[in-house]
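Asker: Starting off with a structure, shown below.
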Amino acid sequence: SNLVTICTLYLPPSTSVDERDLNRLVDELPTPFIILGDFNGHSPLWGSKNTNLRGRQIEEFVNTHSLCLLNNGEDTYFHQRSRTFHSLDLALCTPSLAPYFNFRVGVDLRDSDHFPIFLDRVNVGSNDAQRPTRYLFHRADWTHFALRALITRDMVEGENLNEVVNLVTKTIISAADDSIPKSGLSFPKNRKPWWNKYCTDTNRDQRRAWNVFRRHPTSANQIAFQRAKSVARWARRKSERGYWIKFVSGINSSVTAKDMWDNVRRACGIYPEKRISCLRKNGQEVRHISDMVDVLAGAFASICSASNYTEPFLTHKNRTERIKLRFQTTKRISYNADLTIFELHTALSVLKHTSPGPDEVTYSMLQHLSEHSLQNILYMFNRIWKEHVFPDCWKHAFIIPIPKPGKDPQDPLNYRPIALTSCMCKLFERIVNVRLVHILEKNEYISPFQSGFRKSRSTIDNLMSLETDIRVAFLKRNHLVSIFFDIYKAYDRTWRYGIMKNLYDLGFRGNLPIFVQNFLKQRFFRVRMGNTYSNIFCQEEGVPQGSVLSVTLFVLAINPILSVIPQTVQKNLYVDDLHISCYGRNMQLIERQLQIAINNIVEWSNKSGFTISAQKTIGIHFCKRPLHADPELLLSGVPIRFQDNYKFLGIVFDKRLTFLPHIASLRKRCLRSLNILRTLSNTSWGADRSCLLRVYRSVIRSMIDYGSVVYGSARPSYLKRLDYVHHQALRLCLGAFRTSPIPSLYAEAFEPSLSSRRDKLSLSYYFRILSNDNHPLRGTLLNGNYNRLFNARPSCIPHFGLRMRNILPDTFHDVKIHTNDFCGHPPWMENSISYINPFGNFTKSDSNNSVLISLFNQHRQFYQSYQPVFTDGSKSLNHVGCAFFTNGHIVSYKLHSLTSVFSSEITAVYFALKYIDVHDIRKSILYTDSMSLLESLRSSSTRNPLIKEVKDFYRHLLSKGARILFSWVPSHVGITGNELADKSAKSATEFLTRPIVYADVRLAVNQWCHCQWQEKWNMETNNKLHVIKPVLSHWVTKLNRRCDVVLTRLRIGHTRLTHKYLLFAESPPTCSHCGDILTVKHILTDCVAVNRRRLRYFRSSSFDLSFLLGQIPHFNLFMYLKDIGVFHDI
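Just so we're aligned: 18 in full-length UniProt numbering is position 18 of the sequence shown, and the numbers increase by one with no gaps anywhere.
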């Protein structure tokens, strides 16, 4: 509703531009404003390949005034002499306008050398469009739902399983319709996500008060209207702020910059139109929505059609599929056992909210069913499991088409299909998938070089493997040639029979492979756009989209490709991203080895139905000497194209491994994402410091963190280019003045430097590899064969293992890491240990010690036949110990200093169980004051290897006939056994040598990095903030944005009033009363002219800055600043 100022600007390329002129221009323009024009500056930030002096000046200008750059990287200028394209025309705006405009470059020069640029207003989607109805779960009556959605045994005992599933689905949906309100078909008129009933009520009251005042314009009615207006405005702001804080508290590093921009626009009430307006089919335009959904469905069906296979493979496929795979067996195999209620509850506990499939049943509905209903659903699942019947309704899916970024939206093949399948089916799949993965991992059926979707594995493993091979090759002065393969439409063209054949060859028989076989048969889908649906189409091949089992089945299908690659060739696979490499001095030998591997891969692909794309398969010749020619390699007769750099799993590798292209690309993306912080910091609802820092850490810092353990080996001068992003982001989050010292930004935001964070992430990754016995990089880290050669050639950057050993603190050198068994306990066997809480609702903080002791004595009388065993763990600054006490015997051990108190508690329990075993105690009860330990034992998870040890030994004792109970007791209330165990743990002297779990080492690494940061901060004795905040810690502020910014600048000691002169090369300002140089200390404590006001507001005229600006600032601070007239100048 506000006017927007448009300013066109031309900066001649040969004329020097004074920065002060640009600053005055911004000061004179009424806000909000847009500046458009030819700036004649080059910078990668807006799409140029290089940076010139003008480009750096514009970057500084943008950052100084916190402007948003709207350019999207497209070229805007054509240089006729050199026939090259450049990006010279820019569009800058104030942050409040950034969500409302999109930048676009025209395609016609129109007799000019500049392309026309357009700023398109983001159009709000029309309200006349229809959408599918959806349940409003925030208004659900779940108690009523659980009573109505009663699944009885009669329902699930029907003869026809298809009818049984339909009846159960109908019962759940009927209960949901009665208990959960639904949205309408049309979009609401006011689509702001933060709008709630209170906003509606206050807005209605405001309109009523206005109508009354308009009819009767009296003073009383005017006051009533002004009051209603202010209440409505307050309600909207509170709702906006509450919505944004709730949203930000739930984000993590998986949120992209685009997702964040979408949410910012929604908070502003902007929902861009996302409907598909037109598609092309056979050269003709299709505009009607009912025709477009069929066009898209036909395109998706054609991708997974068997007709896409080559003729030789079709012949092989038809001949092979004549052999029937007989999975029936009479043997009792453990993974074919009935599904258990324990597995069902475990699967339900990890579900996240997703859109429902065609049956409309959601995860929330399943999670709120009664225990009786869940038991009967489990009975239905077991009938499907044992009777080998897959319900027909579970074979159908809805497909939501999402346009691929940067592709022609009129081409039906340029849409990504997002499948919505039955949530009840996905719940079943999750149980089966856990069993399948357990068997595959336990028997090591999956190659260790496959890192995709496996516990304790990630893309970083593949990246680190490649970086290590290149570093070793450079050390030996060898060539290294890498080939990065692209498998065309891998998921959609996976041969289903090939998956089943792999399962058959691995020895799978019985219920599990038969369920997978039925799961893959005859899959159907319909495309949905809004409330319009296509006809039903069949998915002939490929793994079903949107299913839980699909990823595991695809990994199983592509896993054999690694076995055909020769041992002399390094290989890595992340799901379908395949990479091979070979290094040596003889290029002909490298070519021969790689060509053999490529031929084997192509041969395997031709027999498995996969297609290797020759156009997208890229090679890189890593070599420090640029004169060496690239090798000549063929893929199906087509020469493989070699490049100077390639983006592999999100990291750009260049042929000399400088990582400079990756750092430049990363810096550009991060700088563009700073527009999010600029926009939020200029809103009334998103400018909270904690919210801004969370957005920065989730959206921008996460991009910097990804792969930092790999590209962190680049030159320090290259890595420092990312520091600029870090510092700019912290200034925006804190509202700090531009001249603020960098260490002060770190301390005030409680955010360490990027170099410190890289060290922390790298050390944590180093120890995570050591905790996995089967990790392919573990041997490389422990191998010291190249250490002497790396030390002799300091120009060669050492590989990751040696880099970590160089920065590893002395306290970590003798650490032995406890290895994890990621297979764990069979998922179909219950793996939890319950415990007793004899104190009921009595808590330690609210109850007298005598009451708790009395309750414990009553408990002991009831369990007097059980021998009590008291366990405890202790950790202090220089001592970690554990102990247990039973029947007059005390056993205690001193543990490694890096051991956590939680691990010491577990260790005490473990050795208490061993004592029970050695002394053959038949009935015992273990007491511990660690509720977190008992909850971990009750949990089905066994991520902590010490917990797994306790559970395994506990089951061993049960198998020998022992009866063992666990109980919680409060600490330090006078229970004799607990007090003795605690005292013994604190005074333990016998050292116990045991490996340390990865979680403890990671915690110790974090503490060590913090101590290093604190030591550097201690040396900043001249820093103004150091006087106020000598110890680094997180200070929570609950002030509004304006006061928070003022407080931050006062703490740091750099404000606009006192340090603006540095930006314009002027003399320091002086106090108008005293003539002294104007500083924060002078304003707050030294100026004698305002002593009376200090006495009035602070009750004293002699105090230090920490009294006013400490963790809890003085409550009269801002009133004092306003009174002396400097509040708005800071």
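Idealized CB from N, CA, C, for every residue including glycine.
#1: Distance, Cα to Cα, Pro403 vs Lys647?
#2: Pair every Cβ in the region 963-976 with every Cβ in the region 927-947, then say whether three or more of these pairs are closer than 8 Å.
#3: Could you name the residues of the same chain whose beta carbon sits closer than 7 Å to that of His662, not counting the 5 residues immediately before and after it, in chain order?
#4: With DSSP collapsed to three states, give me the class of Phe902.
#5: Buried or exposed, going by whether 16 or more other CB atoms sit within 10 Å of the CB of Ser550?
#6: Please report the straight-line C-alpha distance between Glu632 and Val602, rounded to a whole angstrom.
#7: Report the start-end ranges of each alpha helix (DSSP H) in the region 3-36 that is 4 residues or longer and not cut off at the edges.
#8: Have a look at the DSSP bridge pairing and note the partners of Ala175.
#9: Are Tyr415 and Ala337 closer than 9 Å when you measure CB to CB?
#10: Would you say Cys823 reaches chain C, if we count a Cβ-Cβ gap shorter than 9 Å as a contact?
#11: At what residues does the alpha helix (DSSP H) containing Gln570 begin and finish?
#12: Could you round the C-beta distance between Leu693 and Ala749 to whole angstroms and report it? I think they count as a contact, below 8 Å.
#13: Helix, strand or coil for Ala473, going by three-state DSSP, please let me know.
#14: Looking at Pro1069: is its Cβ nearer than 9 Å to the Cβ of Thr1058?
#15: Are there 16 or more other CB atoms within 10 angstroms of the CB of residue 1132, so buried, or fewer, so exposed?
#16: Does DSSP put Phe737 in a helix, a strand or coil?
#17: May I ask which residues mark the beginning and end of the beta strand (DSSP E) holding Leu314?
#18: To the nearest angstrom, how far is the alpha carbon of Leu3 from that of Phe118?
#19: Grouping DSSP H, G and I as helix and E and B as strand, with all else coil, what is Ile446?
#20: Check Trp1035 in the structure and name its three-state DSSP category.
#21: Quick check: the Cα distance between Met464 and Phe800, rounded to an integer number of angstroms?
#22: Using the Cβ count rule (16 or more neighbours within 10 Å means buried), how would you classify Asp111?
#23: Please check the pair Gln570 and Ile580, which I expect to be a contact at CB under 8 Å, by giving their CB distance rounded to whole angstroms.
#24: In terms of residues, what are the limits of the beta strand (DSSP E) holding Ala419?
#25: Taking three-plus beta-carbon pairs below 8 Å as touching, is the region 689-708 in contact with the region 990-1009?
#26: Report the rounded CA-to-CA distance for Leu1047 versus Asp1104, giving the unit in angstroms.
#27: Hey, which unbroken runs of the alpha helix (DSSP H) at 4 residues or more fall wholly within the region 1013-1088?
#28: Indicate whether Ser87 and Asp75 have their beta-carbon atoms separated by less than 9 Å.
#29: Whose CA, out of Gly55, Val26, Leu161 and Gly498, lies closest to the CA of Phe39?
#30: With a 10 Å radius around its C-beta and 16 neighbouring C-beta atoms as the bar for buried, classify Lys760 as buried or exposed.
#31: Can you list, in chain order, the residues of its chain with a C-beta nearer than 7 Å to that of His388? Leave out the 5 residues immediately preceding and following it.
#32: Going by DSSP, what residues sit across from Asn102 in a beta bridge?
#33: I need the boundaries of the beta strand (DSSP E) containing Cys882, first residue and last residue.
#34: Where does the unbroken alpha helix (DSSP H) through Val710 begin, and where does it stop?
#35: Please return the same chain residues whose Cβ sits closer than 8 Å to the Cβ of Leu958, not counting the five positions on each side in sequence.
#36: In the DSSP assignment, find the beta strand (DSSP E) that holds Ile964 and state where it starts and stops.
Answerer: Looking at the atomic coordinates:
#1: One C-alpha to the other measures close to 22 Å.
#2: Yes: the two stretches touch, three or more of their Cβ pairs being nearer than 8 Å.
#3: Once the five neighbours on either side are set aside, the close Cβ partners of His662 are Ile651, Val652 and Tyr711.
#4: Secondary structure of Phe902 (DSSP, three-state): helix.
#5: Label assigned to Ser550: buried.
#6: One C-alpha to the other measures close to 17 Å.
#7: Within the region 3-36, the complete alpha helix (DSSP H) segments of 4 residues or longer fall at 19-28, listed in chain order.
#8: Partner residues in a beta bridge of Ala175, as assigned by DSSP, do not exist.
#9: Result no, Cβ atoms of Tyr415 and Ala337 do not sit closer than 9 Å.
#10: Of the chains in the structure shown, none is chain C; there is only one protein chain.
#11: Segment Gln570 to Tyr574 is the beta strand (DSSP E) holding Gln570; no alpha helix (DSSP H) there.
#12: Contact between Leu693 and Ala749 is confirmed by a C-beta separation of about 6 Å, below the 8 Å threshold.
#13: In the displayed model, Ala473 falls within a helix according to three-state DSSP.
#14: Yes. Within cutoff.
#15: Only positions 1 to 1130 of the chain appear in the structure, and residue 1132 is not among them; the question remains open.
#16: If DSSP states are grouped into helix, strand and coil, Phe737 belongs with coil.
#17: That residue, Leu314, is in no beta strand (DSSP E); its alpha helix (DSSP H) goes Glu311 to Thr320.
#18: Using only the alpha carbons, I get a separation of about 19 Å.
#19: Residue state for Ile446 is assigned as coil, using DSSP reduced to three classes.
#20: Of the three classes helix, strand and coil, the one that applies to Trp1035 here is coil, per DSSP.
#21: Met464 and Phe800 have their C-alpha atoms spaced approximately 8 Å apart.
#22: The residue in question, Asp111, is exposed, as its Cβ has fewer than 16 Cβ neighbours within 10 Å.
#23: Right, the Cβ-Cβ distance comes to about 7 Å (below 8 Å), so this counts as a contact.
#24: If you look at Ala419, you'll find it in the beta strand (DSSP E) that goes Tyr415 to Leu420.
#25: Using a Cβ-Cβ distance cut-off of 8 Å, the region 689-708 and the region 990-1009 are not in contact, since fewer than three pairs of beta carbons, one from each stretch, lie closer than that value.
#26: Going by the C-alpha atoms only, they are around 15 Å apart.
#27: Within the region 1013-1088, the complete alpha helix (DSSP H) segments of 4 residues or longer fall at 1024-1028, 1041-1052 and 1056-1059, listed in chain order.
#28: Cβ distance < 9 Å, so Ser87 and Asp75 count as in contact.
#29: For the residues Gly55, Val26, Leu161 and Gly498, the minimum Cα distance to Phe39 belongs to Gly55.
#30: Its Cβ being crowded by 16 or more others within 10 Å, Lys760 is buried.
#31: Once the five neighbours on either side are set aside, the close Cβ partners of His388 are Ile514 and Asn518.
#32: Beta-bridge pairing links Asn102 to Asp120.
#33: Counting along the chain, the beta strand (DSSP E) containing Cys882 begins and ends at Val880 to Thr886.
#34: Ser708 to Tyr711 is the extent of the alpha helix (DSSP H) around Val710.
#35: Only Ile964 meet the Cβ criterion.
#36: Here the beta strand (DSSP E) through Ile964 covers Arg963 to Trp968.
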